[in-house]
Amino acid sequence: MNRIKVKDKTFEVSIPAEELAREVRRVATEISRDYAGREPLFLPVLNGSFIFAADLLREVDLPCEISFIKLASYQGTQSTGEIREVIGLAQDITGRDVIIVEDIIDSGLTMAHMIETLERHNPASIRVCSLLVKPAALKVEVPIHYRALDIPNDFIVGYGLDYDGFGRNTKDIYTLVK
Ligand code: IMP
Ligand code: MG
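Here is the structure:
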């Protein structure tokens, strides 16, 4: 199926499952090599990274732990508005080699905030692994150590990523048809 409808919008295949599998395997190999002899703690960010994390971690050849985290938004009293807090950090990350696993880095603001928050818990190291990056959309500088693919600044769904909560459950990634 080349085109799908998610709610009111039409999307067409832009990254087929085979390409995703190939790039995810490559990233897993890089991580396995870089962390040889260590026991990293993977922190996939829900909801978007659940499929990527499942595929990636099955290809990682290391003793490791996995704990899902989430960013919860709530309205702050400050004029800046939205405050985002990391929830679900059940694991003590002090002294650990942490790898944050994200679905996509767009403006980079979410990841910058995530890194800042996790750093307060004094991990030994923090690295970022993102399935996708939109280089043209980056507004802040974020270190991205591992990435499967760079994509244009278009809206996409599938393989964990959503449009208004829907469209996460596909094998391929789809781009919005304008
Ligand atoms: P950032 O803070 O602008 O980097 O936004 C990152 C978050 O926005 C991701 O974790 C996604 O949840 C969401 N996002 C950004 N671009 C897309 C897209 O093209 N499709 C679906 N979600 C997206
Ligand atoms: Mg996300």
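According to our numbering, the sequence shown holds residues 1 to 178 in order.
From the three backbone atoms N, C-alpha and C, an ideal C-beta is built for every residue, glycine too.
By DSSP, does Pro44 sit in helix, in strand, or in coil?
strand
Chain C beta carbons: is any one of them nearer than 7 angstroms to that of Val101?
In the displayed structure, chain C is absent; only one protein chain is listed.
Rounded separation between Glu59 and Thr94 - CA only
26 angstroms
CA-to-CA distance, Leu62 to Ser32, given in whole angstroms
6 angstroms
Buried or exposed (CB count within 10 angstroms, at least 16 for buried), Ser79:
Note that Ser79 has pLDDT 47, beneath the 50 cutoff, so the model's placement of it is unreliable and the number below is only indicative. It is exposed - the Cβ of Ser79 has fewer than 16 other Cβ atoms within 10 Å.
May I have the straight-line CA-CA distance separating Glu12 from Val6, to the nearest angstrom?
11 angstroms
Opening and closing residue of the beta strand (DSSP E) in which Thr170 lies
Note, Thr170: premise wrong, no beta strand (DSSP E); not H, not E.
Through-space distance from Ser67 to Gln91, alpha-carbon basis
7 angstroms
Counting only runs that start and end within the stretch 51-137, where is the beta strand (DSSP E) found for 3 or more residues in a row?
69-75, 82-87, 97-105, 125-133
Please state whether the Cβ-Cβ distance between Ser14 and Ile173 is less than 7 angstroms.
yes
Once DSSP output is grouped into helix, strand and coil, what is the label at Asp150?
Residue state, collapsed to three classes: strand.
Let's test the definition: count the other Cβ atoms within 10 Å of the Cβ of Ile100 and tell me whether it reaches 16, buried, or not, exposed.
buried
Could you check what DSSP says for Val140 in three-state terms: helix, strand or coil?
coil
If you follow the alpha helix (DSSP H) that Arg22 is in, where does it begin and where does it stop?
17-34
Gly48 beta carbon near the ligand IMP (any heavy atom closer than 6 angstroms):
yes
From the DSSP secondary-structure annotation, give me the bridge partner or partners of Val177.
Answer is none; Val177 lacks a bridge partner.
If you pair each beta-carbon of the stretch 45-60 with each one of the stretch 160-170, do three or more pairs fall below 8 angstroms?
Taking 8 angstroms as the limit for Cβ pairs, the verdict is that the stretch 160-170 does touch the stretch 45-60.
Please confirm whether Ile104 and Leu132 have their CB atoms less than 7 angstroms apart.
Yes, the pair counts as a contact, with Cβ atoms nearer than the cut-off.
How many angstroms separate the CA atom of Phe42 from the CA atom of Thr175?
28 angstroms
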